[in-house]
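First comes the structure, then the notes that go with it.
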Amino acid sequence: MNILLTGATGFIGQHLLRALLAGNHQVTVCCRQPEQLLSQFPSIKAVALDLATATNSDDWLPHLQHIDAVINAAGIIKETRQASFDQLHHLAPAALFKACTQMQVKKVVQISALGAELNATTEYFTSKAKADALLQSLDLDWFIFKPSLVFGSGAKSMGLLTALAGLPITPIMDDGQQALQPVAIKDLQQAVLLALKPQTPARQIINAVGPKPIPFISLMNLLANHLGRKLIPFHISGTWLAAISPLAVCVDEPILNKQSITMLQHGNTADAKGFTDYLGHSPNSLEQTLQESPASQAERWHARLYFLRPLLNISIALVWLWAGLVSAFLYPVADSYQMLSRVGITGAWAPLTLYGASLADFLLGILVLIRWRVRLVAMLQISIMLAYSVVISFCLPEFWLHPFGPLIKNLPLLPAILVLLIIEEERP
């Protein structure tokens, strides 16, 4: 079949893309920046399309030529300045579904979310529910899958939970009895592939869930045991957690937001019978999956380095920010000029160099902190540090013998910058 897939750069979408290609389907993906997908999957057709702005059916019509089925797996866990829940979960899918009716694309698969109801307490859920309702009103062969928390290779939410379980002390909201029902990505893949078969009855809403609910604290115990660790819980009020959730921006963690915390407070479960009957077998459980595949060294490293990434980012940024502030305002100016004179910088060039370098250090700290063009900024940091080190080594060599080691400390800082660069570039 010729299939149009949205959300192919996300966790669920990319797994669906792999399953579709393995099933010999021809796939067209729509995403903002298709270059990386094309390098990974050269056999696909990729269309550059920003779903946040593709909110009219006319935006989709050109891309539905010769398409047999549409799969919408697009979604976000947190709103940004460029994309809101309503744009990504409601308006863009609604426009796509309406375009399908105009282009006679009869089969549509919608990846919604368990808990997506019009009267839900979060906009994440209500925005998805609006698209679900619109799809049900159209004369199409539709399938709406409502997955619970999805686990599998590359799952962002499960990656965060695993990292939390790997902490020396793990925060647990309230009593930790919130019930979840994680579903395996391979079961969701199978469900979507079944929906594409002509013999599968259409117009179905299916809660894609694991075989049974599991309390949140038990889930965290499973993940900790998988890492070879013992869970040490620290219980924290859900109300307090929601109140401090804006601080998650400090660790650059979009999943830790007020809506996600609210959703966790209410739990996320459903009867697994419908999904079991649809698949023809019981869904895979998280416990069974973890038992069958011991944690690799890469998984353990990922969990234990997860929260060190933002700390490393902040600490490196502070080095540059503090260097800029100290040079400009706190260190005696006369002493600074004296050191510059030994480098050969005197007269009017001295203040220009002093305050120019201070400003450069401070701006570099800001760029590190906001993660602006991480590769370019990393190369700038390394270049400046090497330049400083070479000049000081020749003109002020006594700093190599200083008891506080102002120069020798550059040696661990250089690989730290490279480590942060690699982690940032590999970040999903």
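Read in order, the letters of the sequence shown correspond to residues 20 to 447 in this note's numbering. Cβ coordinates follow ideal geometry from the N, Cα and C atoms, glycine included. This structure is a prediction, so every number in the text was calculated from the model and none was measured.
Determine the contact status of residue i and residue j, defining contact as a CB-CB distance below 8 Å.
i	j	result
His-85	Lys-147	no
Gly-26	Asn-75	no
Leu-199	Leu-168	yes
Asn-287	Leu-179	no
Ala-291	Pro-230	yes
Arg-394	Leu-331	no
Ile-335	Ala-435	yes
Leu-359	Leu-371	no
Val-46	Leu-39	yes
Gly-343	Phe-294	no
Met-177	Gly-257	no
Ala-314	His-245	yes
Glu-318	Leu-241	no
Ser-279	Ile-96	yes
Gln-223	Phe-162	yes
Ala-114	Ala-152	no
Gly-195	Pro-234	yes
Ile-389	Leu-433	no
Thr-219	Asp-158	no
Leu-457	Gln-197	Outside the shown range of the chain (20 to 447) lies residue 457, about which nothing can therefore be said.
Ala-67	Ala-102	no
Leu-137	Thr-145	yes
Ala-214	Val-89	no
His-454	Gly-171	In the structure as shown, the chain begins at 20 and stops at 447. Residue 454 is therefore absent and cannot be evaluated.
Ser-377	Ala-347	yes
Leu-420	Arg-361	no
Pro-190	Ile-263	no
Val-228	Pro-329	no
Opposite residue i in the DSSP bridges: which residues?
i	result
Trp-161	Val-127
Lys-1	This structure leaves residue 1 out entirely; the chain is present only between 20 and 447.
Ile-31	DSSP output for Ile-31 lists no bridge partner at all.
Val-48	Leu-24 and Ala-65
Leu-225	Note that residue 225 is Ile in the sequence shown here, rather than Leu. According to DSSP, Ile-225 bridges with Phe-164.
Ala-203	Phe-170
Met-177	Met-177 is not bridged to any residue.
Ile-191	His-254
Ala-198	Pro-234
Can you tell me the Cβ-Cβ gap for residue i and residue j, rounded? I've got them flagged as a contact below 8 Å.
i	j	result
Phe-164	Ile-225	5 Å
Thr-281	Thr-140	6 Å
Asp-87	Met-20	4 Å
Leu-183	Met-239	7 Å
Lys-125	Asp-160	5 Å
Leu-212	Gly-32	Rounded, the Cβ-Cβ distance is 14 Å, inconsistent with contact.
Leu-24	Leu-36	6 Å
Tyr-297	Ala-210	6 Å
Leu-340	Gly-375	Their Cβ separation, rounded to whole angstroms, is 16 Å, which puts Leu-340 and Gly-375 out of contact at 8 Å.
Val-396	Val-409	Contact doesn't hold; Cβ gap of about 21 Å is too wide.
Ala-369	Tyr-356	5 Å
Ala-111	Ala-93	7 Å
Lys-277	Ala-261	5 Å
Phe-418	Leu-426	5 Å
Cys-50	His-82	Wrong, their Cβ atoms sit about 12 Å apart, outside the cutoff.
Met-404	Asn-429	5 Å
Pro-166	Ile-130	7 Å
- Please list the segments of the beta strand (DSSP E) lying wholly inside the segment 345 to 432, counting only runs of 3 or more residues, in order along the chain. Counting only runs of 3 or more, we get nothing.
- Task: Within the segment 72 to 145, note down every full alpha helix (DSSP H) run reaching 4 residues or more, in order along the chain.
- Result: 76 to 79 and 111 to 121
- Query: Which whole runs of the alpha helix (DSSP H) in the segment 250 to 286 are 4 residues long or more, in chain order?
  - Reply: 257 to 263 and 277 to 285
- Are three or more beta carbon pairs between the segment 250 to 262 and the segment 183 to 192 nearer than 8 Å? The segment 250 to 262 makes contact with the segment 183 to 192, as at least three CB pairs between them are under 8 Å.
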